[in-house]
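Worksheet: the structure to be examined is printed underneath.
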Amino acid sequence: MDIKILFLCYDFMNLYGENGNIRMLEKRLKEQGANVTVDRITKGETPNFMEYDFIYCGSGTENKRNMAVEYLKPYAKDLKAAIEADKIVLFTGNAWEMLGNKINDQDGLKIFDFDVIEDYTKRLVGDAILLPTEDLKSKNIDKPFVGFINKCSVVSERKTPMFNVSMLSGDGNSPKDKMEGFVYKNFFGTGLTGPILVKNPHFLKMILKELLGEKYSEMDYKNEEKAYEITLSELSKR
Amino acid sequence: MKKIKIFLAVILCKTIHFLAGLLGRGSSIPGAITLKIFPDILSLITLPEKVVAVTGSNGKTSTVEMIAHILKAGGKTVAYNKEGSNQIEGVTTCLLCNSTLSGKVKSDVVLLESDERFARHTFKHFHPTDYIITNLYRDQLTRNGHPEWVYGVISESIYPDTRLILNADDPLVSKFGYGREGTLYFGADHVSFDSDTNDSIYHDGKYCPVCGEKMEYEYFHYNHIGKYKCTSCNYHRMDTTWSLTDADLKNGTITINNEHTLSLPFSSLYQCYNTMAAFAAAEICGVDANVAISAMEQFHLKSGRIMTFDLKDGEKTVSGTLLTSKHENSISYDQSIRVVTGTEKDTTVMIIVDAVSRKYFTSETSWLWDIDFEMLDSDNVKRVVLAGKYCYDLASRFAFTGISEDKIGIYETVAEGAKDFAASNTDEHFVVTCFSDKGKFTSLENVTVTGGV
Chain A
1 MDIKILFLCY DFMNLYGENG NIRMLEKRLK EQGANVTVDR ITKGETPNFM EYDFIYCGSG
61 TENKRNMAVE YLKPYAKDLK AAIEADKIVL FTGNAWEMLG NKINDQDGLK IFDFDVIEDY
121 TKRLVGDAIL LPTEDLKSKN IDKPFVGFIN KCSVVSERKT PMFNVSMLSG DGNSPKDKME
181 GFVYKNFFGT GLTGPILVKN PHFLKMILKE LLGEKYSEMD YKNEEKAYEI TLSELSKR
Chain B
239 MKKIKIFLAV ILCKTIHFLA GLLGRGSSIP GAITLKIFPD ILSLITLPEK VVAVTGSNGK
299 TSTVEMIAHI LKAGGKTVAY NKEGSNQIEG VTTCLLCNST LSGKVKSDVV LLESDERFAR
359 HTFKHFHPTD YIITNLYRDQ LTRNGHPEWV YGVISESIYP DTRLILNADD PLVSKFGYGR
419 EGTLYFGADH VSFDSDTNDS IYHDGKYCPV CGEKMEYEYF HYNHIGKYKC TSCNYHRMDT
479 TWSLTDADLK NGTITINNEH TLSLPFSSLY QCYNTMAAFA AAEICGVDAN VAISAMEQFH
539 LKSGRIMTFD LKDGEKTVSG TLLTSKHENS ISYDQSIRVV TGTEKDTTVM IIVDAVSRKY
599 FTSETSWLWD IDFEMLDSDN VKRVVLAGKY CYDLASRFAF TGISEDKIGI YETVAEGAKD
659 FAASNTDEHF VVTCFSDKGK FTSLENVTVT GGV
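Sequence lines, in order, name chains A and B. In terms of my numbering, the numbers along the first sequence are unbroken and rise by one, the last being 238. In terms of my numbering, the numbers along the second sequence are unbroken and rise by one, the last being 691.
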């Protein structure tokens, strides 16, 4: 089975070790017998989104994220078409915020209807436990997510968040709304930074199942499972 | 009125400092209390002709300690803030406790380590004459923010009447001097063990910090530190006033400005930048170069974050070295790993991640994916022990290094890890961990620290 992965802006939207997401996904797919190709594509290169089964973009500094928006603008329609065609698309950290109408005065990719306000003087940081919303649960995933959020943005309200905030020293999408991220079809957007597929093995498994279908076989990812349990327990004490 | 205010503030700060000293409390409290009552006190005191500030991600404290040591050797009196008091409160304590009752700082030089995030608050009240910026790395991103954000907040602490002294080899640091007359630079020339490629996990110098287009490097010293040039706007590494012109890894010597050679045990140029910054500071403060060089050699003899230990395992005693890195700081880890792989002998290495920070809580382990642990996949590394609460996060990461699973031991406690570590029969044993966790190893019953600091 051939699976094609796109790691978008791999060299500058990779601020918090996000390379781990792609390395882990590639390794697990190979272990399941898939023939995996990973294309790392960046500024100056043309992404053909429809070619891929999985599209990923991680976090960057605010400058680099603005650079990513400018780079991706000409391809926004294609990315939207890929999302509408049920491709699995994961944008983490501040990457998913590019897909709205605006970031401050700058145009976003206008794929989804929301606005982002950034205040560089206010960083919202903290460890997080996030609980899947009904929209995410419909993908057969109900365990809490763990991770870290590090941003300076507020996202206007939307209807289908990915999570309810259980623990986060700071906020979700916007102050006190206790909602985080965005899910639409197979698009997953969350402010969680870093290798979230490593830290949340249940999420990785869900993606493996989506990608592999009947070819998927249950495996034991004991290091990731134990790391997840320990982090969840540490965070739950706080 | 102003005179009385200064008088009272100095008395108050010195008194609290004395009392806090009796209680063994930190050096921030006197300044903190004084600032509550006299918030503008820093703008009222009289500073000496030279006020040197040092900031950056890694090595601030070492650099300041080294500069202080050199200045003293050069016959200067120096007021400087000690580790942990590098925010406005600590600076206030330092300045007022070194002042006369009329608010005149008594020393020839004021030397300040400045927290990179809070320098803007301190230097609102007075401006350093010379401001040394060493490096901007991914460092404790959970607390500090990313390097470009830190760049922004440091910018707010820089005024026109301050002269900048910058690391030319760090493209983001060097940008502080972009278009700024009178800026001076230190850095390293091309040396034999430089690399043509950046082989670390990420490359923070790939895009120009000025225009965002691609940069090209002639060579890399390590990570994104090297000789760069933008392909579009011509932003480039600046010529240096203080240059490391030669470095001999085998004999442990470096040469500055083709003229001064000093002994300095090091494993990469990483450790040499503190020395270069200190040499620059010595010269601008008027210390003779030869005096500075010999002072720097002495300083290295009694410093360094390397510790040797004996670990008892039944009848057997294993002698090893503990390398202190910083958690959440991949460049500092890369450096320690380079020391481990630099030895050609058979080696066992134990990596401990138990508390991510000693100052605050976080379970964030993403930074493990920025560290080039792949370097440990080397013939002479015979065993790897991963220990501490986050040993499984480490294990996850190590599954990608190419090191075979049977060479890796995983333990939730440091004590269990130490057993495996001691049982491994190799010539060398290294422990790599952070300030926050090293005590958990050195305080084990069967461990004796034998040297280092």
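Even glycine gets a Cβ: it sits at the ideal position worked out from N, Cα and C. The structure presented is a predicted model; accordingly, all values stated were derived computationally and were not measured.
With a cut-off of 7 Å, does the C-beta of B/SER601 fall near any C-beta of chain A? Interface criterion met: the Cβ of B/SER601 is under 7 Å from a Cβ in chain A.
Can you find the residues in the same chain that come closer than 7 Å, C-beta to C-beta, to A/ILE141, ignoring five residues on each side of it along the sequence? Cβ within range, chain order: PRO132, HIS202, PHE203, MET206.
How about B/HIS692: is its C-beta nearer than 7 Å to some C-beta of chain A? With chain B running from 239 to 691 in the structure shown, residue 692 of chain B is simply not present.
Starting from B/TRP480, trace the beta strand (DSSP E) in both directions and tell me its first and last residue. Run containing B/TRP480: 480-486, per the beta strand (DSSP E) assignment.
If we cut at 7 Å on Cβ distances, does A/GLU31 have a partner in chain B? Chain B contact via Cβ: absent.
Counting only C-beta atoms, is B/GLU386 closer than 7 Å to chain A at any point? Residue contact with chain A for B/GLU386: present (Cβ-Cβ distance below 7 Å to some residue of chain A).
Tell me whether B/HIS565 sits in a helix, a strand or coil according to DSSP, three-state version. In the structure shown, B/HIS565 sits in coil (DSSP, three-state: anything other than H, G, I, E or B).
Counting only beta-carbon separations shorter than 7 Å, does B/GLY450 have a partner in chain A? At least one chain A Cβ lies under 7 Å of B/GLY450.
Going along the segment 637-659 of chain B in order, which residues come within less than 9 Å of chain A, judged by CB to CB distance? Interface annotation for the segment 637-659 of chain B against chain A: ALA637, PHE638, ILE648, GLU650, criterion Cβ-Cβ distance under 9 Å.
Would you mind telling me which residues of chain B sit closer than 7 Å to A/ASP127, beta carbon to beta carbon, in chain order? Ordered by position in chain B, the residues that pass the 7 Å Cβ test against A/ASP127 are THR600, SER601, GLU602.
Just the chain A side, please: which residues come within less than 8 Å of B/LEU379 by C-beta, in chain order? Neighbours of B/LEU379 on chain A, chain order: LEU15, TYR16, ASN150.
Does A/ASP240 get closer than 7 Å to chain B when you measure Cβ to Cβ? Residue numbering for chain A in the displayed model covers 1 to 238; residue 240 of chain A lies beyond these limits and cannot be assessed.
Range of the contiguous beta strand (DSSP E) that encloses A/CYS57: Here the beta strand (DSSP E) through A/CYS57 covers 54-57.
Which residue marks the beginning of the beta strand (DSSP E) containing B/SER634, and which one marks its end? Looking at the DSSP string, B/SER634 is not in any beta strand (DSSP E); the run it does join, the alpha helix (DSSP H), is 629-636.
Under 7 Å between the Cβ atoms of B/ASN373 and B/ASN405? For the pair B/ASN373 and B/ASN405, the CB atoms are nearer than the 7 Å cut-off.
Establish whether the CB of B/LYS467 and some CB of chain A are separated by less than 7 Å. It does not; no Cβ of chain A falls within 7 Å.
Own chain, CB closer than 8 Å to B/GLU535, minus 5 neighbours either side, in chain order: Closer than 8 Å at Cβ, skipping near neighbours: LEU500, SER501, LEU502.
Complete runs of the beta strand (DSSP E) confined to the segment 388-430 of chain B [at least 3 residues]: Runs of the beta strand (DSSP E) inside the segment 388-430 of chain B: 401-405, 422-426.
CB of B/LYS465 within 7 Å of CB of B/THR367, strictly: No, they are not a contact pair.
Does any C-beta atom of chain C lie closer than 7 Å to the C-beta of A/LEU235? Included in the structure are the protein chains A and B, with no chain C among them.
Does DSSP put B/ARG596 in a helix, in a strand, or in coil? In the structure shown, B/ARG596 sits in coil (DSSP, three-state: anything other than H, G, I, E or B).
Unbroken beta strand (DSSP E) runs of length 3 or more, entirely within the segment 141-175 of chain A: which are they? Taking 3 residues as the shortest admissible run, the segment 141-175 of chain A contains the following complete beta strand (DSSP E) segments, listed from N- to C-terminal end: 145-151, 153-155, 163-168.
How would you list, in chain order, the residues of chain A whose beta-carbon sits under 7 Å from the beta-carbon of B/GLY383? Residues of chain A whose Cβ lies closer than 7 Å to the Cβ of B/GLY383 are, in chain order, ARG123.
Hey, A/PHE112 and A/LEU130 are a contact pair by Cβ (cut 8 Å); roughly how many whole angstroms apart? Between A/PHE112 and A/LEU130 a beta carbon distance of about 19 Å is seen, past the 8 Å cut, so the two are scored as non-contacting.
Please name the residues in the segment 187-212 of chain A whose beta-carbon is closer than 7 Å to at least one beta-carbon of chain B, in chain order. Here the close residues are THR193, GLY194, PRO195, VAL198.
Is it a yes or a no for the segment 327-338 of chain B touching the segment 539-559 of chain B, going by three-plus beta-carbon pairs under 8 Å? They do not touch, by the three-pair rule.
What's the gap between the Cα of B/ALA291 and the Cα of A/VAL155? Their backbone Cα atoms lie some 39 Å apart in a straight line.
When DSSP labels each residue in this structure, what does B/ALA311 get in the three-state scheme? Note: B/ALA311 maps to helix in three-state DSSP.
Measure the beta-carbon distance from B/PHE424 to B/TRP480 and round it to whole angstroms, keeping in mind my assumption that it falls under 8 Å. B/PHE424 to B/TRP480, Cβ: 4 Å. Contact.
Give the secondary structure of B/GLY542 by DSSP, where H, G and I count as helix, E and B as strand, and everything else as coil. With a pLDDT of only 49 at B/GLY542, under the threshold of 50, the placement of this residue in the model should not be trusted; the figure read from the coordinates follows. Here B/GLY542 sits in coil by DSSP.
Please identify the residue among B/TYR598, B/LYS583, B/SER323, B/ARG576 whose C-alpha is closest to the C-alpha of B/LYS620. For the options B/TYR598, B/LYS583, B/SER323, B/ARG576, the alpha carbon positioned closest to that of B/LYS620 is the one of B/LYS583.
Proximity winner among B/ILE308, B/ASP377, B/ARG358, relative to B/VAL697 (alpha-carbon distances): Because chain B is modelled from 239 through 691, residue 697 of chain B falls outside the range shown and cannot be assessed.
Return the residue from the list A/ALA82, A/PHE12, A/ILE3 that minimises the CA-CA distance to B/PRO447. Relative to the Cα of B/PRO447, the nearest Cα in the group A/ALA82, A/PHE12, A/ILE3 belongs to A/PHE12.
Alpha carbon to alpha carbon, how far is B/ILE494 from B/GLU456? C-alpha separation (whole angstroms): 21 Å.
Determine whether the Cβ of A/MET67 lies closer than 7 Å to any Cβ atom of chain B. It does; some Cβ of chain B falls within 7 Å.
In angstroms, rounded to a whole number, what distance separates the CA positions of B/VAL248 and B/ARG376? If you take the alpha carbons of B/VAL248 and B/ARG376, they lie about 38 Å apart.
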